[in-house]
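Protein chains in written order, with our numbering: chain A, 245 to 486; chain B, 19 to 273. Notes follow once the structure below has been shown.
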């Protein structure tokens, strides 16, 4: 579905990304992991079309989307709900940008996310975890097929984060959408992904691409299995030696 | 709600009452002449007598300030939007905007009368000139300080320039617009009174000029007090609108 070929980007002669290549297949959950400052957010701006790469190509369904916005749905790390819009109005924002609005589907998703009764609440009335759920549904209900999530849970406390991971696993299974996820949280990456792309520190290059074999549906109890711990060690070593 | 207002402002109310009592007492003890400084009781007595004839003046000023305010607000918002959307307009006209506020209204008003006569037009221009600036400035500033995170999200989602403006920048600026309205509302009454000095059939300004030139000081005070009350009325009107509009910012975590 999404294909990056030899993408490079430098700012003021300082190379940030070097020859990044990977693919995201339809229905796949792919995670980019790497040290902070390894250019993950730059990569998203490139895929989103806000920045243009110095070299390489980015294709969505075999078509180049370089310098073109509107082809991906995006969920940022910080809270970006519009404070003057209610939960449902926020959720519909992504659809509003492209014309057609589906109120019923929005309500359905609100209920599924355990936000019943908050349809007409304003963001300041929600907890951090609830805000991120709303933000996630907003990007999910946007018409674009590829979801790019930029460290969506990093601002949450550990317990809420685990709740959200569990929630994301359950909801993603039902929706079968394609997700490109950025995190620097190793357990999160292992728990959620089909494929993990490990990036090196600046300039970022693709160090390795790991296929994660855990069967689905997954739950957080996976965290306690020996196999999971083995994978965690393997991944940690890989990041430390980069 | 009303109890809450009382609780918050009882100190100011006491202060005002004490001041009035002191004023009354001093005027009586020192036997100050009425044309020099009338006692509050004298002002009250005069008010009782003159209010029926004063009312048409108040109405005229009220209507003038409301229409002037509406005109000023419209001009202010249009100026803000234009300066924001077209950078070259801003580059050319921003200095003029500032300069427009340095023209003393007292000098400008007679000039406008020379050019445009004694009708409503020169008065509306004076009020508009006083009102549009705070609205234009606060709105323009809010446009430019739109939350970068929300901006980035919208751009990533492929929002067009028009969508960025109508869905993000404009609603984001609403609280600042209202802040501008509040300032402009109080300016509008003052500007209306000044514009009436120059020649009008009716208005608090006219009443004030006549009272001053005949040394009827109690009436001057009546005019001042009513002008203040009118400003206060406008201000509360806008605060009320703000409360009705902005449920989303009531909890105080959004400024």
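A virtual CB, placed ideally from N, CA and C, is assigned to each residue, including glycine.
Which of helix, strand or coil DSSP assigns to residue i
i, result
"residue 273/B", "Any reading at residue 273/B must be qualified, since the residue scores a pLDDT of 34, below 50, and its modelled position is unreliable; the value itself is stated next. Note: residue 273/B maps to coil in three-state DSSP."
"residue 220/B", "coil"
"residue 324/A", "coil"
"residue 342/A", "coil"
"residue 299/A", "strand"
"residue 253/A", "strand"
"residue 489/A", "Only positions 245 to 486 of chain A appear in this structure, which leaves residue 489/A out of reach."
"residue 479/A", "helix"
"residue 379/A", "helix"
"residue 268/A", "strand"
"residue 211/B", "helix"
"residue 422/A", "strand"
"residue 230/B", "helix"
"residue 307/A", "strand"
"residue 120/B", "coil"
"residue 259/A", "strand"
"residue 55/B", "coil"
"residue 407/A", "helix"
"residue 374/A", "helix"
"residue 388/A", "coil"
"residue 112/B", "helix"
"residue 13/B", "Coverage of chain B is limited to positions 19 through 273, which leaves residue 13/B absent and any answer about it impossible."
"residue 317/A", "strand"
"residue 333/A", "helix"
"residue 312/A", "coil"
"residue 92/B", "helix"
"residue 394/A", "strand"
"residue 427/A", "strand"
"residue 248/A", "strand"
Short CB-CB distance (under 8 Å) between residue i and chain A
i, result
"residue 271/B", "Because the pLDDT at residue 271/B is just 41, under 50, the model does not fix this residue reliably, and the value given afterwards should be weighed accordingly. Yes, residue 271/B lies at the interface with chain A (some Cβ there is under 8 Å from its Cβ)."
"residue 189/B", "yes"
Contact with chain B by residue i, beta-carbon distance below 8 Å
i, result
"residue 404/A", "no"
"residue 387/A", "no"
"residue 425/A", "no"
"residue 395/A", "no"
"residue 370/A", "no"
"residue 290/A", "no"
"residue 255/A", "no"
"residue 261/A", "no"
"residue 314/A", "yes"
"residue 380/A", "no"
"residue 471/A", "no"
"residue 317/A", "yes"
"residue 326/A", "yes"
"residue 487/A", "For chain A, the structure presents residues 245 to 486; residue 487/A sits outside this window and is missing."
Residues near residue i in its chain [Cβ-Cβ closer than 7 Å; skip 5 each side]
i, result
"residue 92/B", "none"
"residue 301/A", "249, 308 and 310"
"residue 197/B", "156"
"residue 25/B", "none"
"residue 487/A", "Because residue 487/A is not part of the residues shown, which for chain A are 245 to 486, the question remains open."
"residue 260/A", "253, 254, 283, 286, 446, 447 and 448"
"residue 373/A", "400, 404, 407 and 408"
Beta-carbon proximity list for residue i, same chain, < 6 Å, skipping 5 on both sides
i, result
"residue 273/B", "For residue 273/B, the pLDDT reaches just 34, beneath the cut-off of 50, and the residue's location in the model is therefore unreliable, although a value from the coordinates is still provided. Cβ neighbours of residue 273/B beyond the five flanking positions: none."
"residue 9/B", "Residue 9/B lies beyond the residue range present for chain B, which begins at 19 and ends at 273; the question has no answer from this structure."
"residue 304/A", "246 and 315"
"residue 153/B", "91, 94, 198 and 202"
Residues of its chain near residue i, where Cβ-Cβ distance is below 8 Å and the 5 sequence neighbours each way are ignored
i, result
"residue 375/A", "323, 325 and 367"
"residue 251/B", "none"
"residue 269/B", "Residue confidence is low: residue 269/B scores 47 on pLDDT, short of 50, so the model does not pin down where it sits. No coordinate-derived value is stated."
"residue 249/B", "203, 204, 207 and 208"
"residue 168/B", "186 and 190"
Proximity test, Cβ basis, 8 Å: residue i and chain C
i, result
"residue 268/A", "No chain C is part of this structure, whose protein chains are labelled A and B."
Which full runs of the beta strand (DSSP E) of 3+ residues lie inside the region 437 to 477 of chain A, going along the chain?
439 to 443 and 450 to 455
For the region 161 to 187 of chain B, enumerate the residues whose C-beta is nearer than 9 Å to any C-beta of chain A, in chain order.
165, 167, 168, 170, 171, 172, 173, 174, 175, 176, 177, 178, 181, 185 and 186
Output the residue ranges of the alpha helix (DSSP H) runs that lie fully inside the region 133 to 183 of chain B and measure 4 residues or longer, sorted by chain position.
138 to 162 and 166 to 174
Taking any Cβ of chain B, which residues in the region 292 to 307 of chain A have a Cβ under 7 Å from it, in chain order?
Those residues of the region 292 to 307 of chain A that come within reach of chain B (Cβ to Cβ, closer than 7 Å) are 292 and 294.
Contact set between the region 445 to 464 of chain A and chain B, restricted to residues whose Cβ is under 8 Å from the partner
The residues in question: there are none.
Residues from the region 338 to 354 of chain A in contact with chain B, defined by Cβ distance under 9 Å:
338, 340, 341 and 342
Residues of the region 408 to 440 of chain A with a CB closer than 7 Å to any CB of chain B: list them in chain order, please.
none
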